[in-house]
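Right, one structure below, let's go through it.
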Amino acid sequence: MECYITYCVKGYFAFNSENELICEKLFPEDEIINRLVDITNKQIVTEELEIINEVSDDYDEIIIESNKRLSDYDNDKLIIETPNSAGEYLRSHYDEFGLDSESLSEIYQNLTIYRIKKESASEDKHLIQAINSIDEIDESISKLIERIREWYALYFPEMDVIKNNETYIKLISENKSKDEIVKAKPEAFPENIIDLEDDINKEDLEIMNNYAKSIHELQKSRHNIEDYIDHKMESIAPNLRLLVGSTLGAKLISHAGGIKRLAMYPSSTVQIMGAEKALFRHLKSGDRPPKYGLIYQHPQVRGAKWWNRGKIARMLAGKISLAVRRDIFTKSFDENVAEEFKQQVEEIEKNNPFPTKTTKKRKEEKGKRKSKKRKGKKKRKRR
Numbered sequence: 008m009e010c011y012i013t014y015c016v017k018g019y020f021a022f023n024s025e026n027e028l029i030c031e032k033l034f035p036e037d038e039i040i041n042r043l044v045d046i047t048n049k050q051i052v053t054e055e056l057e058i059i060n061e062v063s064d065d066y067d068e069i070i071i072e073s074n075k076r077l078s079d080y081d082n083d084k085l086i087i088e089t090p091n092s093a094g095e096y097l098r099s100h101y102d103e104f105g106l107d108s109e110s111l112s113e114i115y116q117n118l119t120i121y122r123i124k125k126e127s128a129s130e131d132k133h134l135i136q137a138i139n140s141i142d143e144i145d146e147s148i149s150k151l152i153e154r155i156r157e158w159y160a161l162y163f164p165e166m167d168v169i170k171n172n173e174t175y176i177k178l179i180s181e182n183k184s185k186d187e188i189v190k191a192k193p194e195a196f197p198e199n200i201i202d203l204e205d206d207i208n209k210e211d212l213e214i215m216n217n218y219a220k221s222i223h224e225l226q227k228s229r230h231n232i233e234d235y236i237d238h239k240m241e242s243i244a245p246n247l248r249l250l251v252g253s254t255l256g257a258k259l260i261s262h263a264g265g266i267k268r269l270a271m272y273p274s275s276t277v278q279i280m281g282a283e284k285a286l287f288r289h290l291k292s293g294d295r296p297p298k299y300g301l302i303y304q305h306p307q308v309r310g311a312k313w314w315n316r317g318k319i320a321r322m323l324a325g326k327i328s329l330a331v332r333r334d335i336f337t338k339s340f341d342e343n344v345a346e347e348f349k350q351q352v353e354e355i356e357k358n359n360p361f362p363t364k365t366t367k368k369r370k371e372e373k374g375k376r377k378s379k380k381r382k383g384k385k386k387r388k389r390r
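Okay, so the sequence shown: first residue is 8 according to this note's numbering, each after it adds one.
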């Protein structure tokens with residue numbers, strides 16, 4: 008004899024081959040959401056075990072709807088079949104089991120709220136928003152500084168000698184006139200090119216100063232968010248932070264959509280993250296495949312000789328994968344991960360001081376040698 012076990016938001020139900028209810032184990036009202044979350048996470052809940060044990064003595068085969076593996080159960084009579092006939096019957100006759108559309112809607116709404124709360128409490132989600140904010144602030148600051156430089160040049164064109172944007176904005180926001188700016192940083196301005204005449208009215212100057220102050224506040228916000236990112240990375244991904252730095256590590260997590268998703272990626276995917284357009288262009292038109300994506304921002308990759316960058320990027324991607332998995336699964340900290348990577352980079356550069364000949368160059372040289380041989384044979388024949 009065989010029986011069928013299925014479940015819904017109300018609990019677990021067992022049916023015989025005629026779709027007649029044998030027994031049921033209902034979830035406690037205040038634990039429904041937790042039970043559904045546990046089932047989604049492939050955990051065996053109390054009601055599931057109870058109903059299996061209850062029907063085991065009377066039936067030879069127990070066909071159960073489950074998202075788990077057979078090895079997770081300690082029962083030889085179980086057969087996993089999803090969906091099974093009992094499950095299809097239950098879902099088409101919800102009203103017979105006291106489940107109307109209103110109660111189902113309420114349960115699923117509460118489940119959605121629970122998941123949203125849990126997701127929003129995840130630290131890496133806050134990290135993703137922070138690093139995305141940095142990118143947007145940088146873009147805004149770049150445009151605003153371009154405008155203030157062009158505008159302030161009408162009043163004090165000599166200020167263009169200040170190349171550092173933060174210094175430029177700080178000088179304007181903290182000083183209200185040319186005289187004050189020159190006194191604050193006299194070494195930057197040669198005396199013979201400075202004209203200290205007031206050639207702009209006070210209202211215009213005040214507007215420019217206030218504009219510079221707003222940019223300065225934006226720069227302060229950026230630094231605060233950067234410190235926040237560093238603190239978060241130290242908390243959730245210390246190995247990744249040590250290996251690639253807080254900013255690049257946060258960008259990798261953001262691009263993957265979360266630190267757990269990044270931990271699941273193979274190193275080959277990590278290597279080209281951020282270079283998807285180049286990858287699809289390679290697949291579509293046969294262009295050269297990308298060797299690196301976001302990890303090009305790492306100083307050891309960016310600063311390497313061009314013929315070694317691919318090797319270093321591949322090695323770094325492998326170390327990133329291991330570092331993230333260590334952060335997620337083992338929670339162990341390897342303080343030597345960055346130093347080991349640096350030593351391996353030095354070894355690669357030592358073993359490859361010059362670029363190797365590509366297949367194309369070898370073919371070209373081979374063709375040249377063959378043409379020389381042909382010319383030599385022709386000369387001998389003429390003689």
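Beta carbons are placed, not taken as given, at the ideal position from N, Cα and C, and that holds for glycine.
Nearest to residue i (by Cα), restricted to the options the options
i    : options                   : result
V344 : I222, G325, E356 and M166 : G325
T337 : P35, I243 and V352        : I243
L212 : N74, I138, I59 and W158   : W158
Q304 : E346, L77, G281 and N315  : G281
Y121 : N208, Y299, I40 and I169  : I40
S110 : I59, K17, K209 and D334   : K17
I169 : K84, F163, R154 and A195  : A195
D341 : R248, N358, V277 and E354 : R248
T363 : K318, E36, T119 and E72   : K318
L255 : K291, T174 and E233       : E233
D37  : S274, L118, I86 and S140  : L118
Q226 : S24, T174, S275 and S274  : T174
E103 : L28, D64 and G310         : L28
A311 : E356, R98 and K75         : E356
L97  : D107, C15 and D65         : C15
S274 : L290, S292, I59 and A330  : A330
Other residues of its chain near residue i: CB distance less than 8 angstroms, five sequence neighbours each side excluded
i    : result
D294 : A285 and R288
F348 : L250, Q307, M322, L323 and K326
S228 : I144
Y162 : K185, D206, I207, D211, L212 and M215
Residues of its chain near residue i, where Cβ-Cβ distance is below 6 angstroms and the 5 sequence neighbours each way are ignored
i    : result
I188 : L178 and N182
E57  : K32
T89  : E72
V352 : Q307 and I319
A444 : Residue coverage of the chain in this structure runs from 8 to 390, which leaves residue 444 outside it and unanswerable.
V3   : Coverage of the chain is limited to positions 8 through 390, which leaves residue 3 absent and any answer about it impossible.
Close-in-space but distant-in-sequence residues of the same chain around residue i (CB under 7 angstroms, 5 per side omitted)
i    : result
D131 : I243, I260, G265 and I266
R402 : Summary: the structure shown does not reach residue 402, with the chain confined to residues 8 through 390, and so no result is reported for it.
K192 : L178
K258 : I138 and L301
S339 : R333
I135 : I260 and S261
S253 : I236, D237 and M240
P34  : The displayed chain sequence assigns Phe, not Pro, to residue 34. K17, G18, R42 and E54, listed in sequence order.
H223 : I176, K177 and S180
Residue i burial status per 10 Å Cβ neighbour count (16 or more: buried)
i    : result
L203 : Low local confidence applies: a pLDDT of 46 at L203 is under 50, so the model's placement there is unreliable, with the coordinate-based value given in what follows. So L203 ends up on the exposed side.
N246 : buried
K185 : buried
M215 : buried
M8   : exposed
T13  : buried
Q50  : exposed
N91  : buried
F361 : exposed
I115 : The sequence given here places Tyr at residue 115; Ile does not occur at that position. Exposed.
A263 : buried
L77  : exposed
I141 : buried
For residue j and residue i, believed in contact at Cβ under 8 angstroms, the rounded distance
i    : j    : result
I70  : Y11  : 5 angstroms
V62  : C30  : 7 angstroms
N359 : W314 : 7 angstroms
K84  : E95  : No, K84 and E95 are not in contact; Cβ-Cβ is about 22 angstroms, not under 8 angstroms.
Query raised in the report: Is there contact here, the segment 142 to 162 with the segment 113 to 126, by at least three beta-carbon pairs under 8 angstroms?
Result: Touching, no, given that fewer than three Cβ pairs across the two stretches are closer than 8 angstroms.
Query raised in the report: Does the pairing of the segment 252 to 272 with the segment 204 to 220 give three or more beta-carbon distances under 8 angstroms?
Result: Short answer: they don't touch.
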